[in-house]
Each structure stands twice: as structure tokens, then as C-alpha cells.
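Engineer: Chains as they are written, first to last, in the numbering used here: chain A, 73 to 400; chain B, 73 to 400.
Protein chains: 2
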Amino acid sequence: MVKTMYNWGILGCGRIAVRMAEALKLVPDAVLYAAGSRSTEKAEAFREENGFLKAYGSYEELCNDENVDIVYIATPHNYHVDAAILAMNHGKHVLIEKPMTVNTKGMDEIIKTASENKVFCMEGMWMRFFPVYEKVLDWIKSGRIGDIVSVSADFCITVPVDDMGCRLSNPDLAGGALLDLGVYPLNFAAMFLGSCPKEIQGVAAFSPAGVDMNDSVSLLYENNAAATLQTSLLYKGSDTGYIYGTKGHIKIPHYIWADSAELFLGKELAETAESFFEKGFQYEVSEVHRCIAQGKQESEIMPLCETRNITAIMDQLRARWNFIYPFE
Amino acid sequence: MVKTMYNWGILGCGRIAVRMAEALKLVPDAVLYAAGSRSTEKAEAFREENGFLKAYGSYEELCNDENVDIVYIATPHNYHVDAAILAMNHGKHVLIEKPMTVNTKGMDEIIKTASENKVFCMEGMWMRFFPVYEKVLDWIKSGRIGDIVSVSADFCITVPVDDMGCRLSNPDLAGGALLDLGVYPLNFAAMFLGSCPKEIQGVAAFSPAGVDMNDSVSLLYENNAAATLQTSLLYKGSDTGYIYGTKGHIKIPHYIWADSAELFLGKELAETAESFFEKGFQYEVSEVHRCIAQGKQESEIMPLCETRNITAIMDQLRARWNFIYPFE
Numbered sequence: 073m074v075k076t077m078y079n080w081g082i083l084g085c086g087r088i089a090v091r092m093a094e095a096l097k098l099v100p101d102a103v104l105y106a107a108g109s110r111s112t113e114k115a116e117a118f119r120e121e122n123g124f125l126k127a128y129g130s131y132e133e134l135c136n137d138e139n140v141d142i143v144y145i146a147t148p149h150n151y152h153v154d155a156a157i158l159a160m161n162h163g164k165h166v167l168i169e170k171p172m173t174v175n176t177k178g179m180d181e182i183i184k185t186a187s188e189n190k191v192f193c194m195e196g197m198w199m200r201f202f203p204v205y206e207k208v209l210d211w212i213k214s215g216r217i218g219d220i221v222s223v224s225a226d227f228c229i230t231v232p233v234d235d236m237g238c239r240l241s242n243p244d245l246a247g248g249a250l251l252d253l254g255v256y257p258l259n260f261a262a263m264f265l266g267s268c269p270k271e272i273q274g275v276a277a278f279s280p281a282g283v284d285m286n287d288s289v290s291l292l293y294e295n296n297a298a299a300t301l302q303t304s305l306l307y308k309g310s311d312t313g314y315i316y317g318t319k320g321h322i323k324i325p326h327y328i329w330a331d332s333a334e335l336f337l338g339k340e341l342a343e344t345a346e347s348f349f350e351k352g353f354q355y356e357v358s359e360v361h362r363c364i365a366q367g368k369q370e371s372e373i374m375p376l377c378e379t380r381n382i383t384a385i386m387d388q389l390r391a392r393w394n395f396i397y398p399f400e
Numbered sequence: 073m074v075k076t077m078y079n080w081g082i083l084g085c086g087r088i089a090v091r092m093a094e095a096l097k098l099v100p101d102a103v104l105y106a107a108g109s110r111s112t113e114k115a116e117a118f119r120e121e122n123g124f125l126k127a128y129g130s131y132e133e134l135c136n137d138e139n140v141d142i143v144y145i146a147t148p149h150n151y152h153v154d155a156a157i158l159a160m161n162h163g164k165h166v167l168i169e170k171p172m173t174v175n176t177k178g179m180d181e182i183i184k185t186a187s188e189n190k191v192f193c194m195e196g197m198w199m200r201f202f203p204v205y206e207k208v209l210d211w212i213k214s215g216r217i218g219d220i221v222s223v224s225a226d227f228c229i230t231v232p233v234d235d236m237g238c239r240l241s242n243p244d245l246a247g248g249a250l251l252d253l254g255v256y257p258l259n260f261a262a263m264f265l266g267s268c269p270k271e272i273q274g275v276a277a278f279s280p281a282g283v284d285m286n287d288s289v290s291l292l293y294e295n296n297a298a299a300t301l302q303t304s305l306l307y308k309g310s311d312t313g314y315i316y317g318t319k320g321h322i323k324i325p326h327y328i329w330a331d332s333a334e335l336f337l338g339k340e341l342a343e344t345a346e347s348f349f350e351k352g353f354q355y356e357v358s359e360v361h362r363c364i365a366q367g368k369q370e371s372e373i374m375p376l377c378e379t380r381n382i383t384a385i386m387d388q389l390r391a392r393w394n395f396i397y398p399f400e
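(1) From residue 121(A) to residue 302(A), what does the alpha carbon distance come to, in whole angstroms?
(2) Please decide whether residue 369(A) counts as near chain B, where near means a Cβ-Cβ distance under 7 Å.
(3) Assuming residue 173(A) contacts residue 384(A) under a Cβ cut-off of 8 Å, what Cβ separation, rounded to an integer in Å, is found between them?
(4) Using a Cβ-Cβ distance cut-off of 7 Å, determine whether residue 277(A) contacts chain B.
(5) Using only alpha-carbon positions, find the residue among 324(B), 400(B), 377(B) that is nearest to residue 194(B).
(6) Count the other C-beta atoms from every protein chain shown that fall within 10 angstroms of the C-beta of residue 92(A), then say buried if there are 16 or more, exposed otherwise.
(7) Once you ignore the five residues that flank residue 326(B) on each side, which residues in its own chain have a CB closer than 6 Å to its CB?
(8) Along the chain, where does the alpha helix (DSSP H) that runs through residue 264(A) open and close?
(9) Short check: CB of residue 275(B) to CB of residue 273(A), under 7 Å?
(10) Have a look at residue 82(A) and residue 201(A) and give me their C-alpha separation to the nearest angstrom.
(11) Find out if the Cβ-Cβ distance for the pair residue 231(A), residue 245(A) is shorter than 7 Å.
(12) Please identify the residue among 161(B), 316(B), 95(B), 297(B) whose C-alpha is closest to the C-alpha of residue 216(B).
(13) With a Cβ-Cβ cutoff of 7 Å, do residue 145(A) and residue 156(A) count as a contact?
(14) Count the other CB atoms within 10 Å of the CB of residue 113(B); is the residue buried (16 or more) or exposed (fewer)?
(15) What does a CB cutoff of less than 7 Å around residue 211(A) pick up in its chain, not counting 5 residues either side in sequence?
(16) Applying the 10 Å Cβ sphere with the 16-neighbour rule, what's the burial state of residue 399(A)?
(17) Assuming the contact rule is C-beta atoms closer than 8 Å, residue 33(A) and residue 80(A) should be a hit. Round their C-beta distance to whole Å, please.
(18) Taking 8 Å as the threshold, find out whether the stretch 258–268 of chain A comes into contact with the stretch 291–308 of chain A through three or more Cβ pairs.
(19) Quick check on this structure: which residue in 353(B), 332(B), 130(B) has the alpha carbon closest to the alpha carbon of residue 343(B)?
(20) Based on the DSSP output, what are the partners of residue 286(B) in its beta bridges?
(21) Check residue 227(A) in the structure and name its three-state DSSP category.
(22) Any contact of the stretch 347–359 of chain A with the stretch 182–191 of chain A, i.e. 3+ C-beta pairs under 8 Å?
(23) Just the C-alpha distance for residue 136(B) and residue 369(B), rounded to the nearest angstrom, thanks.
(24) For a contact meaning CB atoms closer than 7 Å, what does residue 334(A) contact in chain B?
(25) Is DSSP giving residue 127(B) helix, strand or coil here?
(26) If I measure Cβ to Cβ from residue 264(B) and keep anything under 6 Å in the same chain, skipping five residues before and after, which residues do I get?
(27) Output needed in chain order: residues of the stretch 281–312 of chain A with a Cβ under 9 Å from some Cβ in chain B.
(28) Just tell me which of 88(B), 198(B), 163(B), 148(B) has its CA closest to the CA of residue 357(B).
(29) Could you name the residues of chain A that residue 318(B) contacts, counting a contact when the two beta carbons are closer than 8 Å?
(30) So the alpha helix (DSSP H) residue 95(B) belongs to, where does it begin and stop?
(31) Interface residues of chain A around residue 271(B) at Cβ under 8 Å?
(32) Measure the C-alpha to C-alpha separation of residue 130(A) and residue 208(A) and round it to an integer number of angstroms.
(33) Along the stretch 106–139 of chain B, what residues have a CB closer than 7 Å to any CB found in chain C?
(34) Mind checking who residue 318(B) pairs with in its DSSP beta bridge?
(35) Per the DSSP calculation, residue 222(B) is bridged to which residue(s)?
(36) Where does residue 326(B) fall in DSSP's three states?
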């Protein structure tokens, strides 16, 4: 029997879980089924506020519910591996919030578990599924900007770097700019240049507590294209992505939550693409449904090998910076 | 007797010399005095077309004319050192087109010769003297954008990289993106973060003839600020410079020939600076006159040590890329 509705379970009831709940409401075949937290009170409050059917006071109970089809892993990312493995070992499909893991070691454990359990597994890199990127890829495939030779993007926000109550500032919670924010410009570059640069370089300034807080990264690819990426906890950046080709370029304002893209031929604006954008997570949710309905264990758009390659880039940058998390 | 008029001699009669001639006409106390070329015909044609008084068929004759006060070195940059030393050894002040030299070895010869002859010597980094940058520095000094934490800039143009007739494509003529174009984003970063980054990284793709044609550079400074710079021969870039601070940022459209700058506080445009801009070289010419009138041998705005530091950054990048010119 082909399922027509999917029961979602949310593992971890923080802020990102609320955003997912809002997006699930936009997807007709998604059921806001169960919320799981380490605290019964928190799970119950989340259930009530966000309109889920069930609340569980432990991740195990959530995963033991045989009616849960897909588990969205919404814990801080240093807890993703354990949570995802728990869910997959209960036969659940998983969508894991970005960054999927802190390092490739964790990635490999997830990939192995997904394979053993024959379940669908994907990183929740929502950006990849926005409708506007379909138009961008059309422009590129039809040769409008010629050969791609450069991609640049930044994602920079202001964070209280001395406040360990802020997750991004806290090394014990896998803080730092690269993993939380830098994963976006890295994915943006990977969308157009692939995820295997032949050379990886970059600089990073560190906070007193020891997380990377101001990064500039340069990548070089086999085809002579380069990527230039910035991420920081110290300033509000432009959030703009650029794809430069030999004949023109594409500018994607706030590419991380993109609702428009601009095609330039020479210096002239030749075409604009605009698309509906609300909440945003619904596009990745639809991709999960589509893949599961087709019996796929991975998405062709965001396959595990690509997430692993990008994680490996972050591993290499951190190795270059001698940046090891306390729990690694 | 304080001079009130300065006789300019142009050494090398190519395209950049024509631009300087046009700018000199905008400076009241500049005299378009003499043009020197290795060819009498070329010098005479240049003299006539651009309104100079004298033409010389060799650089030596130009430098032997005791009425020449200042020599503008306008040869391809791999010939700058010999030409500048010739002029300075004849007691002439010199303005040397960018990049002043191919490497720090050449810079050190120039610095030594300038010092021995007690003449004024400066790199023609015209950008530094544009009026709009005074306003930009005012915004920064008055704390409008807080502490500077990031500078980014690109300078990328399309060049026929397989055509050795194109100087930028030809390794024998010190071609490549970094020296000719990259010197601008490097100077832009130096204007706001200084010229001594504590860490220098970058990637470059090379043309079949062996010049760098697609570069991405990351610099880190002692104060934790970073610079992210791009230069390329493969695509037309944005030519935009950004200075990000903890409270806001400044955007300078076409910063290399800037006539405007925009101050943003948060995401809001708070103020725009605009300034007259024609030709552009006249601002550096006026700086040369001002310094010479005051008996200075260097400009405080573009001192030799700063040019040397930036040349040293380019040396380090090229060393990292194993990029040595045939004549080095």
C-alpha cells in the first residue's frame, strides 16, 4: 500500500522545531503527529502550542511509536548522531537539521546506520529545494552565463561571542561560525561547483572561549573555478550569493532564504526570477515525501555523499586551524 | 625659491601615459613638459597628440633634461625598476605606475635609490587619493560602523588568456591577475586594515601559459579582522568594495574609480557620499605636488613601506603558488 500521509515526529522541541511545525502545516500530506523531548513538560507544551497529536517525554518513546514515519532531528547538532541513529534503528526515516554532524566521523556512523536500516536519510539543507534555484539552474544549464568560474557568498550575523549561554559561542555545544553558518556558503558553492574542491584554504579568528568567529575561505576546483566564502559571528553580512560565468552572472539576494534571483548579462540585468516563499522548510519536507514515496533512501538533490563531502571540507578547515571541539 | 609649477616628464608612451596626460591638464600647477620613448617617432607622436612641449627618443635623454621635475614611470611594470632608478639617479622625483614592482627585491632597489638621491617617490595608486575616501575615513574614524571586522573587494575583468599579445596574459611581461588587478583589492584592504596581515592564504588557477588567472585570497589580521579578496582574468566582477564593522558597513561601488560611497547602519542606508570624479589621476598628481612643495620624500597616504608590504603579500601568495616569472 502506498502511503498518502506521513506522520512526522519531532525529536527536540527547541526553536527550530517550531519552524518545522509551521512548515509541516503547509504540506498537505504531512501529519503533525508526535513531539519528543527529554522533558515531558516541554514535549506537552510543544504539542499543545504547535498542534501535534502526541507528546513524549523521551526520545526513545517517540521512536517506539510505530505510527511515526519520519523523525525530524532538531537537537543541537552535537547531539544529531545519537538521535539519528536511535531513530533509524527504530526503522524511522530521518530528516536531520543542518549541519548534519560536527565531523565526518559522525557522518560515517549515520551513513552506515541508514544503509543497515534501509531508511531514507537527508540533511535539512532547506536552501537546496527553494523553487527559485530551479530557475537559477535552468539559466546555468542553458548556458546563459557561460562557464561558471567563480562563486561567492557570505553568511554573517552578530552574536554575543563572550556569552556561553549563546549556543553559537559555546565550544561545548559545537559553536562557531563555520558549522552553523558557514555550512550555507559551502553548500551554495557546492550547488554550482560540486563538493570536491582540489584546494581548500582559509583563515579564522577565534573567540576567547575558542570558537571560530570570523572566517574567510578560498576554494579552488579542478575546472579552474574558485569559491570565495565568508562567515562570521562579528558582523551582519550581505547574505548575497553570486555565481559568475564567462558571459554573465547571477545574483541571489539573501540566498539562504531566497525568493528571487537576478540574471545579468554583461552589466545589464537581463531577467529576474521570483518565487513564493513562506516559512521555507516545506520544500525540503516535500522532497522527503517524494523520495520516500519512490522508495529512495537518498535525495538526488541533497545526497549523503554531498553532505559528507561538505563536512569533510569543514573538517579540513578546522584541522588547518587546529580547531578541535572539547567533546571530539 | 618655492616652485609654483612642476614640469612633468612621461617615461613610456603607451595607453596609461595618455590617461596621465589627460589628468595633468586638470591640475593647474602641472606642466605637460616632455615625453620619452625608446622610439623617436612614438615620442613625437605622443608629444603632438597630447600637447607636450618636448619629445625624446630615449629614456636617458628625457632624464637628462634638467627642466624635468617629476618623471611618471609608465612602462610595463617589469621595466619599472630600471626606469625609476634611471630617473632618480638623474635627481628626478618619480611617480611610478602600479604595481610599482614585480617583487620586493625590485622595491628594495627603488627604496634605496630614492633615499640616496633624496627624491620623492610614490606608487601611482590613484584610488587612495579620491575625495570620496576622505568621507569614508571620516565615517570610520567617527565610529559610525564600529570596529572594522571584515573588508571584501574584487577586481575581475575578461582577458584573452591564450593570447600572448595581451600583456596581462603573458608571463614574460609579468602578466597575471594578481599583480595588475589584485593590487587594487589588496590596497583597498590595506587602507582599512593595514598592510601587515598575520596570515596570508589564497588559491589561484593558472593559464596554460602560466599566469594566475583566477584568484581568491583570505587575509587575517592581529585584531581578528579578515579580508576576502578576488581577482580574475576570466570574468567581469562587481568591482565593489565593502567595509564591515560591528555596527554597520560601507559599500563603495566601483571602488577602483570611486565617485560615491554608501554608509549602512544595520540594513538601512544612512548616508551617501558623492564626489566629482573625472579622469582620476589628477588626485595623485596633486598629492605629488603637495609632498614635493613640503620637501617630503614620501606621501603619508601612500608611503613606500606600505607599497613594499603589499608587494610582500603578493610575493608570499606567489611563493605559495610556486609562481615565479621567467625573468625573476
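Where a beta carbon is used, it is the ideal one built from N, C-alpha and C, also for glycine.
Structural biologist: Reading it off the structure:
(1) The sequence position of residue 121(A) within the first sequence is 49, counting from 1. The sequence position of residue 302(A) within the first sequence is 230, counting from 1. Residue 121(A) and residue 302(A): Cα-Cα distance of roughly 37 Å.
(2) Residue numbering aside, residue 369(A) sits at position 297 when the first sequence is read from its first letter. Closer than 7 Å: no.
(3) Sequence index remark: in the first sequence, residue 173(A) carries index 101 (1-based). Sequence index remark: in the first sequence, residue 384(A) carries index 312 (1-based). Wrong, their Cβ atoms sit about 11 Å apart, outside the cutoff.
(4) Indexing the first sequence from 1 puts residue 277(A) at position 205. At least one chain B Cβ lies under 7 Å of residue 277(A).
(5) Taking the first residue of the second sequence as 1, we reach residue 194(B) at position 122. Ranking 324(B), 400(B), 377(B) by Cα distance to residue 194(B) puts 377(B) first.
(6) Locating residue 92(A) in the first sequence gives position 20, where the first residue counts as 1. Burial call: buried.
(7) Residue mapping note: residue 326(B) aligns to position 254 of the second sequence, counting from 1. Around residue 326(B): 311.
(8) In the first sequence, counting from the first residue as 1, residue 264(A) sits at position 192. It spans 255–265 - the alpha helix (DSSP H) in which residue 264(A) sits, taken as one unbroken run.
(9) By one-based count along the second sequence, residue 275(B) stands at place 203. By one-based count along the first sequence, residue 273(A) stands at place 201. The answer is yes: Cβ separation under 7 Å.
(10) For the purposes of this step, residue 82(A) is taken as the residue at position 10 of the first sequence. For the purposes of this step, residue 201(A) is taken as the residue at position 129 of the first sequence. C-alpha separation (whole angstroms): 20 Å.
(11) By one-based count along the first sequence, residue 231(A) stands at place 159. By one-based count along the first sequence, residue 245(A) stands at place 173. Contact: no.
(12) Residue mapping note: residue 216(B) aligns to position 144 of the second sequence, counting from 1. The shortest Cα separation from residue 216(B) among 161(B), 316(B), 95(B), 297(B) belongs to 316(B).
(13) As a working mapping, residue 145(A) is identified with position 73 in the first sequence. As a working mapping, residue 156(A) is identified with position 84 in the first sequence. In this structure, residue 156(A) lies closer than 7 Å to residue 145(A) by Cβ.
(14) Looking up residue 113(B) in the second sequence gives position 41. When all chains shown are included, residue 113(B) counts as exposed.
(15) If you number the first sequence from 1, residue 211(A) lands on position 139. Result list for residue 211(A): 217, 322, 335, in chain order.
(16) As a working note, residue 399(A) is residue 327 in the first sequence. Exposed, because fewer than 16 other Cβ atoms sit within 10 Å of the Cβ of residue 399(A).
(17) One cannot answer for residue 33(A) here, as it falls past the ends of chain A, which runs 73 to 400.
(18) yes
(19) Residue numbering aside, residue 343(B) sits at position 271 when the second sequence is read from its first letter. For the residues 353(B), 332(B), 130(B), the minimum Cα distance to residue 343(B) belongs to 332(B).
(20) Sequence index remark: in the second sequence, residue 286(B) carries index 214 (1-based). Note: residue 286(B) sits in a beta bridge opposite 277(B), 304(B).
(21) As a working note, residue 227(A) is residue 155 in the first sequence. Strand at residue 227(A).
(22) no
(23) Counted from its first residue, the second sequence places residue 136(B) at position 64. Counted from its first residue, the second sequence places residue 369(B) at position 297. Going by the C-alpha atoms only, they are around 21 Å apart.
(24) Taking the first sequence and counting its residues from 1, one reaches residue 334(A) at position 262. Within chain B, no residue comes near residue 334(A); the closest Cβ sits about 12 Å away, beyond 7 Å.
(25) The count along the second sequence starts at 1 and reaches residue 127(B) at position 55. DSSP places residue 127(B) in strand when its eight states are reduced to three.
(26) Here the question's residue 264(B) lines up with position 192 in the second sequence. Counting only Cβ-Cβ distances below 6 Å, and skipping sequence neighbours, we find 220, 223, 315.
(27) 285, 286, 287, 288, 289, 290, 291, 292, 293, 295, 296, 297, 298, 299, 300, 301, 302, 304, 306, 307, 308, 309, 310
(28) Sequence index remark: in the second sequence, residue 357(B) carries index 285 (1-based). Residue 357(B) has its Cα closest to that of 198(B), out of 88(B), 198(B), 163(B), 148(B).
(29) Taking the second sequence and counting its residues from 1, one reaches residue 318(B) at position 246. 230, 306, 307, listed in chain order.
(30) Within the second sequence, numbered from 1, the residue matching residue 95(B) stands at position 23. Segment 87–96, the alpha helix (DSSP H) holding residue 95(B).
(31) For the purposes of this step, residue 271(B) is identified with residue 199 of the second sequence, where counting begins at 1. Within chain A, the residues near residue 271(B) are 275.
(32) For the purposes of this step, residue 130(A) is taken as residue 58 along the first sequence, with counting starting at 1. For the purposes of this step, residue 208(A) is taken as residue 136 along the first sequence, with counting starting at 1. Answer to the nearest angstrom: the Cα atoms are 42 Å apart.
(33) Absence of chain C from the displayed structure is noted, the protein chains being A and B.
(34) The sequence position of residue 318(B) within the second sequence is 246, counting from 1. In the DSSP output, where bridge partners are listed per residue, residue 318(B) has none listed.
(35) Your numbering for residue 222(B) matches position 150 in the second sequence. Residue 222(B) pairs with 298(B), 316(B).
(36) By one-based count along the second sequence, residue 326(B) stands at place 254. Residue 326(B): coil per DSSP, three-state reduction.
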